Every structure is written in C-alpha cells, then in structure tokens.
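Undergrad: Heads up, the sequence shown stops at 81 in full-length UniProt numbering, and the numbers go up one at a time, no gaps.
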Amino acid sequence: MPLLRQYPDSAFSPWTGLRPVTPTGFPMLGRSRLDNLFVNSGHGPLGWTFAAGSGKIVADIVATSTCDLAGDENMDGAIAY
C-alpha cells in the first residue's frame with residue numbers, strides 16, 4: 001500500500017482483536033447462573049456471521065424461557081440455557 005510508506009514505523013503500534021471462542025466452536029447462548037444475566041458469547045471469528053441468529057435465540061430465551069433449536073440433534077452442545 002503505497003500511501004503507508006509516508007508514515008514512519010513509529011506511527012504504528014501492534015494491536016490484536018482477540019475474539020472469544022469456546023473449545024467446541026459453538027457459542028454460549030442463554031441464561032447464566034444469575035437470574036438477570038444472559039450470555040451471547042464465544043462466536044470466535046464468526047461473531048458477525050452468527051449475530052442475527054444468536055440474537056434471535058437469546059431474545060427467545062429471554063422472552064419465553066425456551067428455544068426452538070434446543071431439541072435439534074444437529075445443535076447438540078451448541079445451546080446451553
């Protein structure tokens with residue numbers, strides 16, 4: 001990138017955008033041990049990809065205490081609430 005050559009090396013600093021991911025690769029979604037705290041984390045690099053679906057799942061759990069996908073055998077281990 002030619003435009004970057006005009007800046008000295010001292011103008012840059014290292015940065016890491018760490019993204020939490022679970023050992024299984026499935027995000028943690030649902031109710032926590034605290035009554036008023038819900039979790040939507042552990043998506044790793046797929047956070048934006050899964051954002052709408054994960055948000056819908058957690059919203060359903062918050063509103064109804066159930067999740068349509070919880071009994072789906074293809075989702076084994078993906079949802080804990």
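Idealized CB from N, CA, C, for every residue including glycine.
Since we're looking at a predicted model, the values are computed, not measured.
With a cut-off of 8 angstroms, do at least 3 Cβ pairs link the segment 8-16 to the segment 28-44?
TA: Cβ pair count under 8 angstroms is below three, so no.
Undergrad: Could you have a look at residue 25 and say whether DSSP puts it in helix, strand or coil?
TA: Locating residue 25 in the sequence shown gives position 25, counting from the first residue. Residue 25: coil per DSSP, three-state reduction.
Undergrad: Where residue 60 and residue 47 are concerned, what is the direct C-alpha to C-alpha distance, given to the nearest angstrom?
TA: Residue 60 sits at position 60 when you count from the first residue of the sequence shown. Residue 47 sits at position 47 when you count from the first residue of the sequence shown. Distance between the alpha carbons of residue 60 and residue 47 is about 19 angstroms.
Undergrad: Between the Cα of residue 19 and the Cα atoms of 49, 66 and 44, which residue gives the shortest distance?
TA: The sequence position of residue 19 within the sequence shown is 19, counting from 1. Among 49, 66 and 44, the Cα nearest to that of residue 19 belongs to 44.
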